[in-house]
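Scroll down for the structure; my scribbles are underneath it.
2 protein chains.
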Amino acid sequence: MDQAGERREPTMRDVAALAKVSTKTVSRVINDLPGAGPEVVERVRAAARSLGYRPNLTASSLRRSDRRSATIGVLFEDLSNPFDSALLRAVEDRARHNGVLVLAGSSEDDRTLQGELLVSLSARRVDGVVVMAAGGHQDALQQERERGTPMVLVDRPPTFGGTDCVTTTNRESSREAVLQLASLGHRDIAFLGDRRTLWTSQERYTGYLEGLAQAGLTLREELVRTDLHGADLAETAATELLDLDRPPSALFTAQNLVTVGAMRVLRARDQQHLIALIGFDDFPLADMLEPGITVVRQDVPGLGRKAAELIFARIDGDTSPPVHAVVPAALVRRGSGEIAPSAPR
Amino acid sequence: MDQAGERREPTMRDVAALAKVSTKTVSRVINDLPGAGPEVVERVRAAARSLGYRPNLTASSLRRSDRRSATIGVLFEDLSNPFDSALLRAVEDRARHNGVLVLAGSSEDDRTLQGELLVSLSARRVDGVVVMAAGGHQDALQQERERGTPMVLVDRPPTFGGTDCVTTTNRESSREAVLQLASLGHRDIAFLGDRRTLWTSQERYTGYLEGLAQAGLTLREELVRTDLHGADLAETAATELLDLDRPPSALFTAQNLVTVGAMRVLRARDQQHLIALIGFDDFPLADMLEPGITVVRQDVPGLGRKAAELIFARIDGDTSPPVHAVVPAALVRRGSGEIAPSAPR
DNA sequence: TCCTCCTACGTCAACGTTGACGTAACCGAG
DNA sequence: CTCGGTTACGTCAACGTTGACGTAGGAGGA
Chain L
115 MDQAGERREP TMRDVAALAK VSTKTVSRVI NDLPGAGPEV VERVRAAARS
165 LGYRPNLTAS SLRRSDRRSA TIGVLFEDLS NPFDSALLRA VEDRARHNGV
215 LVLAGSSEDD RTLQGELLVS LSARRVDGVV VMAAGGHQDA LQQERERGTP
265 MVLVDRPPTF GGTDCVTTTN RESSREAVLQ LASLGHRDIA FLGDRRTLWT
315 SQERYTGYLE GLAQAGLTLR EELVRTDLHG ADLAETAATE LLDLDRPPSA
365 LFTAQNLVTV GAMRVLRARD QQHLIALIGF DDFPLADMLE PGITVVRQDV
415 PGLGRKAAEL IFARIDGDTS PPVHAVVPAA LVRRGSGEIA PSAPR
Chain B
115 MDQAGERREP TMRDVAALAK VSTKTVSRVI NDLPGAGPEV VERVRAAARS
165 LGYRPNLTAS SLRRSDRRSA TIGVLFEDLS NPFDSALLRA VEDRARHNGV
215 LVLAGSSEDD RTLQGELLVS LSARRVDGVV VMAAGGHQDA LQQERERGTP
265 MVLVDRPPTF GGTDCVTTTN RESSREAVLQ LASLGHRDIA FLGDRRTLWT
315 SQERYTGYLE GLAQAGLTLR EELVRTDLHG ADLAETAATE LLDLDRPPSA
365 LFTAQNLVTV GAMRVLRARD QQHLIALIGF DDFPLADMLE PGITVVRQDV
415 PGLGRKAAEL IFARIDGDTS PPVHAVVPAA LVRRGSGEIA PSAPR
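Listed in order, the protein sequences are those of chains L and B.
Residue numbers 115 to 459, in our numbering, belong to the letters of the first sequence in order.
Residue numbers 115 to 459, in our numbering, belong to the letters of the second sequence in order.
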């Protein structure tokens, strides 16, 4: 069997020859354009079928005036992360609806890699890109945007103007989580966050501060731990926090993997029923744990749908002012966030 | 700001004009081909940079003799499923290494949709496709394959010849799981499986039968439940099984979501420490549950890497006989699979 | 000195498709 | 019967790029 098949793909010319018409007429039939009589249409269709003809979209988009490739780029941090993949899926569904396919890539939160992928995408002349911006400066994104590429940022807003974005209620929901803990009597609430370069981390931290302030609590700086990228760093930080002379009675973990790391530590010390925990971002089976993990759940499909809507509107020529859409997240109470402080001091 | 930027992309012609050379020379410089003097190279590079020139890969691949698009298609069941997305990520990493991007789509185990996506991919002239075949007949896949498109199937083998595939040790690992349960004294081991049309389900069921036979146990047909697509159906089935007059003392759940459904039921009835459970396919946090869930863990990155290796070899013209690569899975003992039968009868 | 070979370019056409435009045949109205 | 309009095609060139091939000029050998 020929894996690298040598057969030339049939072209419009082949179909035209078989149907005894011009290639232009074949083009009309294939694209359902008027100007072809019924019997010619039938003849062309039959010829195309018998040759196994498939239109070549790359040639077509090269020649077409709108220059559309019917392809968009999606550049997320890590496609194997449940958050990212759920987002991708939501975008994909909306894209399919428009007959558009998705070129997907993982930037690993690395600006260089993100830039390279962006170049690869633009070399393929995608109609637009949906990007989860890597932390730090966004020069490459801005440059691409200024070249005219329709662009929507998700999860994190642009640091430059003129570009749509979709984010969640990071600050408000974080504040709500902290207020929930405070209302139970917690006075020592720790913050464990991801990289400080990430906008979401900053926003969630701000929400934490607002929550403390609103509850009349004072910030204990030693209870704030940031730059915890990955569950392992989170574990270390959680251990250190719990080993303090005056340890926190509640933890607010501001990211997925940070929550997991903190959970591991609590379980290892058998403190999961003593120390309250609220995490940002839901994860599968959070309800099956003992206790169930209270989380701020983002509306991931909602984020993806909105991002897709925006990018397709822009591709279709919508020139209204840039939008910053905010999709509300919700506090899901499952137990771990409803633990009262054990021994008030 | 112009979201739908009207600026025409600079072309080789523009660069050539500015550098006062022919487009062919620009082509040589851009592609690092010999036949351009050092100062011309510098002039062209400068012109390209100042115009912000970006090569148009679609035009290039149209004209090139090898006709490569440097893009492959990936068609999985559901990109938001952790198994699928981990697989995608592994393929993507290998692809990036070759300067290749990935067009990704979810077929939802629907043959029609899979066929449509396949057509979309081939219209974009992808260099090859990696497919998780939808259940049932694979006519569309076979047809595409016979047109000469390099193709590798993952997770499920082709029902037609001449095509590479990569699968895991479904049967052997299932047998091992059942033998593990039998060795603890379990005689009533239930099987809960996904759609019977799926090859993996069939293989895992066969492994279950082999395990029973090898342990000298007789099959009780009422303990076999299949076609459980999704956690909800699995819940119903598990409930019914546990309500039998002579309920199983151990469950072998042959798929991800089926395991989750069964777990929910066990927990709801507070039997998670009484009834043994082994699931096929690992999932995040399986170790954090009480008890930890014993699973057959597939080597997902290994599967993805192998699939990518095969597809790129074929794209590069490897015409050796088709391969069926098998990546070993491993039994991960965490507790739920090590529960002995409570009251032997 | 003349011829050959090589280097560094340029010219031209073609990849598969479609926009712009041309034209022959036909139709209905005046 | 003529004229304007419409329908159903066809012709041609161009999208951005590269393969095939041509050529001027210089280097080098006999």
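From the three backbone atoms N, C-alpha and C, an ideal C-beta is built for every residue, glycine too.
No experiment lies behind these values; they were computed from the predicted model shown.
Are the beta-carbon atoms belonging to residue i and residue j less than 9 Å from one another?
i, j, result
"Gln412 of chain L", "Gly393 of chain L", "no"
"Arg309 of chain B", "Asp223 of chain B", "yes"
"Ala304 of chain L", "Val268 of chain L", "no"
"Pro58 of chain B", "Ser199 of chain L", "An answer regarding residue 58 of chain B cannot be provided, because it is not within the stretch 115 to 459 covered by chain B."
"Gly219 of chain B", "Val446 of chain L", "no"
"Pro362 of chain L", "Leu355 of chain L", "yes"
"Leu331 of chain B", "Ala376 of chain B", "no"
"Leu171 of chain L", "Ser183 of chain L", "yes"
"Gly321 of chain B", "Arg285 of chain B", "yes"
"Leu403 of chain B", "Glu404 of chain L", "yes"
"Gly307 of chain L", "Leu342 of chain L", "yes"
"Leu481 of chain B", "Val280 of chain B", "Any property of residue 481 of chain B remains undetermined from this structure, which presents chain B solely from 115 to 459."
With a 10 Å radius around its C-beta and 16 neighbouring C-beta atoms as the bar for buried, classify residue i as buried or exposed.
i, result
"Ala247 of chain B", "buried"
"Gln117 of chain B", "At Gln117 of chain B the pLDDT is 42, less than 50, meaning the model places this residue with poor confidence; the figure from the coordinates comes in the next sentence. Classification of Gln117 of chain B: buried, given that the 10 Å Cβ count is 16 or more."
"Asp146 of chain L", "exposed"
"Arg177 of chain L", "exposed"
"Gly275 of chain L", "exposed"
"His300 of chain L", "buried"
"Lys420 of chain B", "buried"
"Glu317 of chain L", "buried"
"Glu475 of chain L", "The structure shown does not extend to residue 475 of chain L, since chain L is modelled only from 115 to 459, so the question has no answer here."
How is the beta strand (DSSP E) around residue i delimited, first residue to last?
i, result
"Ile392 of chain L", "Ala390 to Phe394"
"Phe366 of chain L", "Ala364 to Thr367"
"Ile453 of chain L", "Where Ile453 of chain L is concerned, there is no enclosing beta strand (DSSP E), given that its DSSP letter is neither H nor E."
"Gly219 of chain L", "Leu215 to Ser220"
"Leu445 of chain L", "Ala444 to Val446"
"Val410 of chain L", "Thr408 to Arg411"
"Met266 of chain B", "A small fix is needed here, since residue 266 of chain B is Val in this sequence, not Met. Looking at the DSSP string, the run of the beta strand (DSSP E) that includes Val266 of chain B is Met265 to Val268."
"Val440 of chain L", "His438 to Val441"
Please return the same chain residues whose Cβ sits closer than 8 Å to the Cβ of residue i, not counting the five positions on each side in sequence.
i, result
"Ala150 of chain B", "Thr139, Arg142, Val143 and Val158"
Roughly how many angstroms lie between the CA atoms of residue i and residue j, to the nearest whole one?
i, j, result
"Leu388 of chain B", "Arg239 of chain L", "58 Å"
"Ala429 of chain L", "Arg210 of chain L", "The question names Ala, yet the displayed sequence has Ile at residue 429 of chain L. Rounded to whole angstroms, Ile429 of chain L to Arg210 of chain L spans 15 Å at the Cα level."
"Pro264 of chain B", "Gly229 of chain B", "16 Å"
"Ser254 of chain B", "Glu290 of chain B", "A small fix is needed here, since residue 254 of chain B is Ala in this sequence, not Ser. Distance between the alpha carbons of Ala254 of chain B and Glu290 of chain B: 35 Å."
"Glu336 of chain L", "Gln252 of chain L", "31 Å"
"Pro398 of chain L", "Thr367 of chain L", "16 Å"
"Leu293 of chain L", "His438 of chain L", "26 Å"
"Thr226 of chain B", "Glu260 of chain B", "18 Å"
"Gly119 of chain B", "Phe426 of chain L", "Only weak support is given to the placement of Gly119 of chain B: the predicted model assigns it a pLDDT of 43, under 50, and the value that follows is read from those uncertain coordinates. If you take the alpha carbons of Gly119 of chain B and Phe426 of chain L, they lie about 14 Å apart."
"Leu417 of chain B", "Val214 of chain B", "19 Å"
"Gln257 of chain L", "Val233 of chain L", "11 Å"
"Ala204 of chain L", "Asp278 of chain L", "18 Å"
"Val244 of chain B", "Val410 of chain B", "24 Å"
"Arg73 of chain B", "Leu323 of chain B", "Residue 73 of chain B lies beyond the residue range present for chain B, which begins at 115 and ends at 459; the question has no answer from this structure."
"Ala364 of chain B", "Leu391 of chain B", "6 Å"
"Pro237 of chain L", "Thr282 of chain B", "Note on residue identity: the sequence assigns Ala, not Pro, to residue 237 of chain L. Cα to Cα, Ala237 of chain L sits roughly 36 Å from Thr282 of chain B."
Tell me which residue opens and which closes the alpha helix (DSSP H) that residue i is part of.
i, result
"Val240 of chain B", "It is not in any alpha helix (DSSP H) - Val240 of chain B carries neither H nor E in the DSSP assignment."
"Val205 of chain L", "Pro196 to His211"
"Arg381 of chain B", "Asn370 to Ala382"
"Gly418 of chain L", "Val414 to Ile429"
"Thr139 of chain L", "Thr137 to Ile144"
"Met126 of chain L", "Met126 to Ala133"
"Asp253 of chain B", "Asp253 to Glu260"
"Asp346 of chain B", "Ala345 to Leu356"
"Leu295 of chain B", "Asn284 to Ser297"
"Thr110 of chain L", "The structure shown has nothing for residue 110 of chain L, since chain L only spans 115 to 459."
Looking only at its own chain, which residues have a Cβ that is under 6 Å from the Cβ of residue i, when we skip the five neighbours before and after it?
i, result
"Asp401 of chain L", "Arg448"
"Leu132 of chain B", "Ala161"
"Ala454 of chain B", "Leu298 and Gly299"
Quick one: what's got a C-beta closer than 7 Å to residue i's C-beta in the same chain, skipping five residues either side?
i, result
"Val374 of chain B", "Ala345"
"Glu156 of chain L", "none"
"Arg127 of chain L", "Thr137"
"Pro124 of chain B", "Leu165, Gly166 and Tyr167"
"Leu201 of chain B", "Phe190, Val268, Val414, Leu417 and Gly418"
"Leu231 of chain L", "Leu189, Gly219 and Ser221"
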